[in-house]
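J.: I am attaching a structure below and will ask some questions about it afterwards.
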Amino acid sequence: MTDSKYFTTTKKGEIFELKAELNSDKKEKKKEAVKKVIASMTVGKDVSALFPDVVNCMQTDNLELKKLVYLYLMNYAKSQPDMAIMAVNTFVKDCEDPNPLIRALAVRTMGCIRVDKITEYLCEPLRKCLKDEDPYVRKTAAVCVAKLHDINAQLVEDQGFLDTLKDLISDSNPMVVANAVAALSEIAESHPNSNLLDLNFQTINKLLTALNECTEWGQIFILDCLANYSPKDDREAQSICERVTPRLSHANSAVVLSAVKVLMKFMEMLSKDLDYYGTLLKKLAPPLVTLLSAEPELQYVALRNINLIVQKRPEILKHEMKVFFVKYNDPIYVKLEKLDIMIRLASQANIAQVLAELKEYATEVDVDFVRKAVRAIGRCAIKVEQSAERCVSTLLDLIQTKVNYVVQEAIVVIKDIFRKYPNKYESVIATLCENLDSLDEPEARAAMIWIVGEYAERIDNADELLESFLEGFHDESTQVQLQLLTAIVKLFLKKPTETQELVQQVLSLATQDSDNPDLRDRGYIYWRLLSTDPVAAKEVVLAEKPLISEETDLIEPTLLDELICHIGTLASVYHKPPSAFVEGSRGVQHKRLPPRSGSNESTESPDVTATAAPQAAEQQPAVIPSQGDLLGDLLNLDLGPSVNVPPIPSSTVQMGAMDLLGGGLDSLMGDETEGLGGDLGGSPAIGAGYGTPAVMPASLNATVGGGLGDLFDLAGGMGVPSGSYVAPKTIWLPAAKAKGLEISGTFSRRMGHIYMDLTLMNKAMQVMSDFAIQFNKNSFGMVPAAPLQINAPLTPNQTIEASLLLHTVGAVMKMDPLTNLQVAVKNNIDVFYFSCLYPINILFLEEGKLDRQIFLATWKDIPNENEVQFQIKDCHLSADAVTDKLFNNNIFTVAKRNVEGQDMLYQSLKLSNGIWVLAELRIQPGNPNYTDLELSLKCRAAGVTQHVFQAYEIMLKN
Amino acid sequence: MGQCLELSAAVCRIGVYSCFRTLCCKGPPSPRTEYDVVCVGLTGSGKSSLLTQLCSESTDSIIPTTGFRIKAVPFQNAILNVKELGGADNIRKYWSRYYQGSQGVAFVLDSASSEDDLEMARNELHSALQHPQLCTLPFLILANHQDKPAARSLQEIKKYFELEPLARGHRWILQPCSVENMDAVKEGFNQFINLLEEIDHENTPGRL
Numbered sequence: 004m005t006d007s008k009y010f011t012t013t014k015k016g017e018i019f020e021l022k023a024e025l026n027s028d029k030k031e032k033k034k035e036a037v038k039k040v041i042a043s044m045t046v047g048k049d050v051s052a053l054f055p056d057v058v059n060c061m062q063t064d065n066l067e068l069k070k071l072v073y074l075y076l077m078n079y080a081k082s083q084p085d086m087a088i089m090a091v092n093t094f095v096k097d098c099e100d101p102n103p104l105i106r107a108l109a110v111r112t113m114g115c116i117r118v119d120k121i122t123e124y125l126c127e128p129l130r131k132c133l134k135d136e137d138p139y140v141r142k143t144a145a146v147c148v149a150k151l152h153d154i155n156a157q158l159v160e161d162q163g164f165l166d167t168l169k170d171l172i173s174d175s176n177p178m179v180v181a182n183a184v185a186a187l188s189e190i191a192e193s194h195p196n197s198n199l200l201d202l203n204f205q206t207i208n209k210l211l212t213a214l215n216e217c218t219e220w221g222q223i224f225i226l227d228c229l230a231n232y233s234p235k236d237d238r239e240a241q242s243i244c245e246r247v248t249p250r251l252s253h254a255n256s257a258v259v260l261s262a263v264k265v266l267m268k269f270m271e272m273l274s275k276d277l278d279y280y281g282t283l284l285k286k287l288a289p290p291l292v293t294l295l296s297a298e299p300e301l302q303y304v305a306l307r308n309i310n311l312i313v314q315k316r317p318e319i320l321k322h323e324m325k326v327f328f329v330k331y332n333d334p335i336y337v338k339l340e341k342l343d344i345m346i347r348l349a350s351q352a353n354i355a356q357v358l359a360e361l362k363e364y365a366t367e368v369d370v371d372f373v374r375k376a377v378r379a380i381g382r383c384a385i386k387v388e389q390s391a392e393r394c395v396s397t398l399l400d401l402i403q404t405k406v407n408y409v410v411q412e413a414i415v416v417i418k419d420i421f422r423k424y425p426n427k428y429e430s431v432i433a434t435l436c437e438n439l440d441s442l443d444e445p446e447a448r449a450a451m452i453w454i455v456g457e458y459a460e461r462i463d464n465a466d467e468l469l470e471s472f473l474e475g476f477h478d479e480s481t482q483v484q485l486q487l488l489t490a491i492v493k494l495f496l497k498k499p500t501e502t503q504e505l506v507q508q509v510l511s512l513a514t515q516d517s518d519n520p521d522l523r524d525r526g527y528i529y530w531r532l533l534s535t536d537p538v539a540a541k542e543v544v545l546a547e548k549p550l551i552s553e554e555t556d557l558i559e560p561t562l563l564d565e566l567i568c569h570i571g572t573l574a575s576v577y578h579k580p581p582s583a584f585v586e587g588s589r590g591v592q593h594k595r596l597p598p599r600s601g602s603n604e605s606t607e608s609p610d611v612t613a614t615a616a617p618q619a620a621e622q623q624p625a626v627i628p629s630q631g632d633l634l635g636d637l638l639n640l641d642l643g644p645s646v647n648v649p650p651i652p653s654s655t656v657q658m659g660a661m662d663l664l665g666g667g668l669d670s671l672m673g674d675e676t677e678g679l680g681g682d683l684g685g686s687p688a689i690g691a692g693y694g695t696p697a698v699m700p701a702s703l704n705a706t707v708g709g710g711l712g713d714l715f716d717l718a719g720g721m722g723v724p725s726g727s728y729v730a731p732k733t734i735w736l737p738a739a740k741a742k743g744l745e746i747s748g749t750f751s752r753r754m755g756h757i758y759m760d761l762t763l764m765n766k767a768m769q770v771m772s773d774f775a776i777q778f779n780k781n782s783f784g785m786v787p788a789a790p791l792q793i794n795a796p797l798t799p800n801q802t803i804e805a806s807l808l809l810h811t812v813g814a815v816m817k818m819d820p821l822t823n824l825q826v827a828v829k830n831n832i833d834v835f836y837f838s839c840l841y842p843i844n845i846l847f848l849e850e851g852k853l854d855r856q857i858f859l860a861t862w863k864d865i866p867n868e869n870e871v872q873f874q875i876k877d878c879h880l881s882a883d884a885v886t887d888k889l890f891n892n893n894i895f896t897v898a899k900r901n902v903e904g905q906d907m908l909y910q911s912l913k914l915s916n917g918i919w920v921l922a923e924l925r926i927q928p929g930n931p932n933y934t935d936l937e938l939s940l941k942c943r944a945a946g947v948t949q950h951v952f953q954a955y956e957i958m959l960k961n
Numbered sequence: 002m003g004q005c006l007e008l009s010a011a012v013c014r015i016g017v018y019s020c021f022r023t024l025c026c027k028g029p030p031s032p033r034t035e036y037d038v039v040c041v042g043l044t045g046s047g048k049s050s051l052l053t054q055l056c057s058e059s060t061d062s063i064i065p066t067t068g069f070r071i072k073a074v075p076f077q078n079a080i081l082n083v084k085e086l087g088g089a090d091n092i093r094k095y096w097s098r099y100y101q102g103s104q105g106v107a108f109v110l111d112s113a114s115s116e117d118d119l120e121m122a123r124n125e126l127h128s129a130l131q132h133p134q135l136c137t138l139p140f141l142i143l144a145n146h147q148d149k150p151a152a153r154s155l156q157e158i159k160k161y162f163e164l165e166p167l168a169r170g171h172r173w174i175l176q177p178c179s180v181e182n183m184d185a186v187k188e189g190f191n192q193f194i195n196l197l198e199e200i201d202h203e204n205t206p207g208r209l
């Protein structure tokens, strides 16, 4: 007996039973059956097979049954889009039912059925419901319009639903108004230019009237909509504010926040001299304070919003400092947020109170909170000048406690205080030095080292202190290493005589023994500076530092304004604009503004502006702009005849420095070609070095430029990993067509060979083996170079990756389309056929570069009829980037020319069957309005140009 | 004493009422029999119009049925629960899923339609009648639109639809009708109901 007996079963299963029950004549039994179906649906069983039977029960007088069927429909209409049409007539009927509950139910369900095929049938019933006599039906229909718009915007516009919706704003029932506003706002959001909600004085008036009468959610919709309105003048703004103000005392915090948003926005328009402005300020404070008596989660949301409000208008809450004092039982996230607001509210008037509180917090048990409290003291000192002295003494008190993390945090903030008030509190340095040994965190160590370096002339044993750090140089974090390097160079410049050995040591540690490119580059810069012109070095390294700003973590004003507009939404809690997290992928950087002083990127360190770097790294076409010019442009340096400036200037060298450093530098910078370029070029981390020249004094340009020239040249040669574009794998053979074998794959060209990269997946229940592959004759004679190597049998649910080497020596037959490839795959079960398209660029040969002269001759030789022009839309690449991308795909730039601000690239490529394709590519760099590339292709075989164009497009856009 | 009197009066009234009921009406009237009938036919053949008129409702706002409609149509002897299925192309393919539970089939055709449509109607009728769930049921064919000039005669239709060979073993009625002539429609349905009742009586002893 065969195993097929396992597949024939006498059991009909649950679905079968349900089907029978659904078709029963007894109404009770039917209802029971539908309930069972819904139960199965909610636990995740697939009961979509019962669709016609459930829909069959739809026309019933029983409201309960009807609701159940509707529930089923919402869930499964999408999976049975064709059959959903069977439900249409019932909706049409139900929308005319005498019972408004049924009408509303029908229209709500219609909106939830997101099946494009039946939307047009639902327009008439929807139109009727929008004009229904019952407000409950109208408000449901309003929301349905928004849902329908999401599925088919054009349809909604054509049917005139938007106008009906606008009319509903003037409806007599406030709930209908609120829902119409909500629907319109949602539609307007997805179509920013639609000008849907062109609110005017009358509509605003209606909204304000409805505001007082509708439910809390309706109020939120209306308030959010009001916030998008811009009043004509301050008078109108004031009258709206007056009518919105009562919402501030609503019990729902979302209503309160939405009202606050409206008021915050419209306050912009009010003059500060106005009496009303002051009144409004006073009115805003109590509701915000009230929000803080809710449960912690709500408090947190409120605090995040208050944080924005305080930054925008500190005057609102300036007298309410006390409510932000931390309670012992607050959760940590509330504590930290409150602390943040306390600092923002700190002023001369309340600083004593704040400091007392902060000192208290610094002795609590929660480490994170204590750290933040100590930091807060430092920030108070920087913010309120009068309190600086008191803050410093508080910090000193805290250091005396010798609690490790308190001390470390205190040292970090004292460094900031030194930056803000130079030469004022240096007396505390001695105390700080006592705690040197207990510092184990990088930030604290870095801060301490900065202090020692900065005040080296006042610390007698500065060299000893720094030397002690130097011992474990390689074990330190980068931050500390960089700081140590800078501090020792400062020390050397201040006390050159005693510290030569130390500086030499640190420079060699940084440049020769370190793998960190930042550190090494900074080391080289100092080394070169010191050896070339120590006076300049002194000017650079010991330059006067700009004062640090008062508040380093203020939100940037434009962002703040945007966030104020989003009060009461997730954006105001994240402190990010909605675009940053709603659509997902955009780069998020906010809140942290310029780096704080003294931490690892202090102002005296090389400011790495790497904007020129990517271009420098690109492949240079060996044509018209000479290399020197290019570099000159890139670096904004006037190199000119740079090469013969002596590498070692000998004037004003401070005694000793030259002797010490000269030798090293000599070998380092050497004779232009070897030296720096060679050295750096060979190292793996070459990319990080580009930006450095920006901070070099002009006198150094020449020498450095020479070295850098080499460096960039080298970088160009090796910087970009070569590799052609490979499309993602697509499914060529679906499992359903091949008895469970699924094949997906793509083509690639690697190291001059063509590969077919396959993924085989066994979705059947049996083992697959004995795979073989064969191609039909095709346009370029592609055949497998070796049999398909799949050694182990493929067990069920297993996936195997295989790469098949192809060559182009097979029989040729022109296919349509040209790049069509028909493939047969055999396994132990059967033979399967599929066809796929290969990208033509896998056929581009490595030897496809033409000589310029030959290119010109060939171009003229090919008749003009064979020239085809294409446009590549929206390509934002520069000529160099284009060259580089195409080079990786074996399209070679023969020449480059600049004509009237346009870059013309002349390119050649050779197909595997020896056909040459010549291209002229016109790029308009720097013209943001014109981002299209124009591509002219010339080829003797005209059929390939279309495919070559597609290859261009794919490469340039990926 | 007074209470006692009232109570006995009430008991008397109940007694008299039940006597009256047993004598005159033999309990509440027994409900008319209900039959489930499926009604099919191409778009425009007039299914909705006929059924609506049978219920004496206004036919002004009739639009093509998208999906299906269940309508209880009252006749003298019985009530027909007619499940009318839309006749559009995209709905016809689901007809067979709504056959289950029917006791009879009503097929409406447009006697005045083009050859192509008639051909299509014939195919639909044949496949409906050969469907396992319908093949044993009685059916009523309404040749609608007889009032139009292009309408074919009953004989022509019978021949074209190959009704004689097809209907072998079936109980069936072919009834010419038009929207204007509702009596013919009612006549057809009454005959149909008789057929249904007959079958019902035949089957009842078997069922028991």
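Listed in order, the protein sequences are those of chains A and B. Under the working numbering, the first residue of the first sequence carries the number 4, and numbering increases by one thereafter. Under the working numbering, the first residue of the second sequence carries the number 2, and numbering increases by one thereafter. Ideal Cβ positions, reconstructed from N, Cα and C, are used throughout, including at glycine.
#1: Below 8 Å, how does it come out for the region 844 to 856 of chain A and the region 762 to 773 of chain A: are there three or more Cβ pairs, yes or no?
#2: Using only the alpha-carbon positions, how far apart do residue 676(A) and residue 920(A) sit?
#3: Assign residue 504(A) to one of two classes, buried (16 or more other C-beta atoms within 10 Å of its C-beta) or exposed (fewer than that).
#4: Helix, strand or coil for residue 870(A)? Go by DSSP, reduced to three states.
#5: Smallest Cα separation from residue 179(A): which of 534(A), 560(A), 138(A), 411(A)?
#6: Taking C-beta pairs closer than 9 Å, name the residues in chain A that residue 91(B) reaches, listed in chain order.
#7: By DSSP, does residue 406(A) sit in helix, in strand, or in coil?
#8: Roughly how many angstroms separate the alpha carbons of residue 492(A) and residue 531(A), rounded to a whole number?
#9: Which residues, taken in chain order from the region 88 to 114 of chain B, show a beta carbon closer than 7 Å to some beta carbon of chain A?
#10: Considering only residues of the region 879 to 924 of chain A, which uninterrupted beta strand (DSSP E) runs meet the minimum length of 3 residues and lie entirely inside it, listed in chain order?
#11: Counting contacts by CB-CB distance shorter than 9 Å, is residue 62(A) in contact with chain B?
#12: Please decide whether residue 189(A) counts as near chain B, where near means a Cβ-Cβ distance under 9 Å.
#13: Taking Cβ-Cβ distances below 7 Å as the criterion, which residues of the region 40 to 69 of chain B are in contact with chain A?
#14: Which residues mark the beginning and the end of the alpha helix (DSSP H) in which residue 764(A) is found?
#15: In chain order, which beta strand (DSSP E) runs of at least 3 residues are fully inside the region 387 to 434 of chain A?
#16: Pull the bridge partners of residue 3(A) from the DSSP assignment, please.
#17: Grab me the residues of residue 37(A)'s own chain with a C-beta within less than 8 Å of its C-beta, minus the 5 sequence neighbours each way, in chain order.
#18: From 581(A), 305(A), 886(A), pick the residue whose C-alpha is nearest to that of residue 562(A); which is it?
#19: When Cβ atoms are compared, which residues of the region 88 to 114 of chain A fall closer than 9 Å to chain B?
#20: How is residue 477(A) classed by DSSP in three states: helix, strand or coil?
#21: Under 7 Å between beta-carbons, which chain B residues line up against residue 2(A)? List them in chain order, please.
#22: When you compare the CB of residue 961(A) with every CB in chain B, is at least one pair closer than 9 Å?
#23: Roughly how many whole angstroms lie between the Cα atoms of residue 49(A) and residue 142(B)?
#24: I'd like the list of long-range same chain contacts for residue 945(A), defined as Cβ closer than 6 Å, with 5 residues on each side in sequence excluded.
#25: Taking DSSP as the reference, what is the three-state secondary structure of residue 176(A)?
#26: Suppose you measure from the CA of residue 187(B) to the CA of residue 55(B); what does that come to, to the nearest Å?
T.: Reading off the structure:
#1: no
#2: On the first sequence, position 673 is the one that residue 676(A) refers to. On the first sequence, position 917 is the one that residue 920(A) refers to. Residue confidence for residue 676(A) is low, a pLDDT of 37 falling below 50, so the modelled location carries little weight; the figure read from the coordinates is stated next. Inter-residue distance for residue 676(A) and residue 920(A) is about 38 Å (C-alpha atoms, whole angstroms).
#3: Against the first sequence, residue 504(A) aligns to sequence position 501. Residue 504(A) comes out exposed.
#4: By one-based count along the first sequence, residue 870(A) stands at place 867. Three-state DSSP puts residue 870(A) in a strand.
#5: In the first sequence, residue 179(A) corresponds to position 176, counting from 1. Of 534(A), 560(A), 138(A), 411(A), the residue nearest in Cα terms is 138(A).
#6: The residue you call residue 91(B) lines up with position 90 of the second sequence. Within chain A, the residues near residue 91(B) are 85, 88, 120.
#7: Here residue 406(A) refers to the residue found at position 403 of the first sequence. Looking at residue 406(A) - three-state DSSP - the assignment turns out to be coil, as it is neither helix nor strand.
#8: Indexing the first sequence from 1 puts residue 492(A) at position 489. Indexing the first sequence from 1 puts residue 531(A) at position 528. Going by the C-alpha atoms only, they are around 12 Å apart.
#9: 91, 92, 95, 98, 99, 101, 102
#10: 895 to 902, 905 to 913
#11: Sequence index remark: in the first sequence, residue 62(A) carries index 59 (1-based). With 9 Å as the cut-off, residue 62(A) counts as an interface residue toward chain B.
#12: To locate residue 189(A), count along the first sequence from 1; it is residue 186. No - not a single Cβ of chain B is within 9 Å of the one on residue 189(A).
#13: 66, 67, 68, 69
#14: Position 761 of the first sequence, counted from the start, is the residue given in the question as residue 764(A). Where residue 764(A) is concerned, there is no enclosing alpha helix (DSSP H), although the beta strand (DSSP E) it sits in stretches over 756 to 765.
#15: none
#16: Past the boundaries of the shown model lies residue 3(A); chain A is included only from 4 to 961, so the question cannot be answered.
#17: Counting from 1 along the first sequence, the entry for residue 37(A) is found at position 34. For residue 37(A), where only same-chain residues beyond five positions count, the Cβ hits under 8 Å are 25, 57, 60, 68, 71, 72, 75.
#18: For the purposes of this step, residue 562(A) is taken as residue 559 along the first sequence, with counting starting at 1. Residue 562(A) has its Cα closest to that of 581(A), out of 581(A), 305(A), 886(A).
#19: 88, 89, 90, 91, 92, 93, 94, 95, 96
#20: Taking the first residue of the first sequence as 1, we reach residue 477(A) at position 474. It is helical.
#21: For chain A, the structure presents residues 4 to 961; residue 2(A) sits outside this window and is missing.
#22: What you label residue 961(A) is simply residue 958 of the first sequence in a count that begins at 1. False, the Cβ-Cβ gap to chain B never drops below 9 Å.
#23: The residue labelled residue 49(A) in the question sits at position 46 within the first sequence. The residue labelled residue 142(B) in the question sits at position 141 within the second sequence. Their Cα atoms are separated by approximately 40 Å.
#24: What you label residue 945(A) is simply residue 942 of the first sequence in a count that begins at 1. Only 869 meet the Cβ criterion.
#25: Start at 1 with the first residue of the first sequence, and residue 176(A) comes out as number 173. If DSSP states are grouped into helix, strand and coil, residue 176(A) belongs with coil.
#26: Taking the second sequence and counting its residues from 1, the one referred to as residue 187(B) is at position 186. Taking the second sequence and counting its residues from 1, the one referred to as residue 55(B) is at position 54. Going by the C-alpha atoms only, they are around 8 Å apart.
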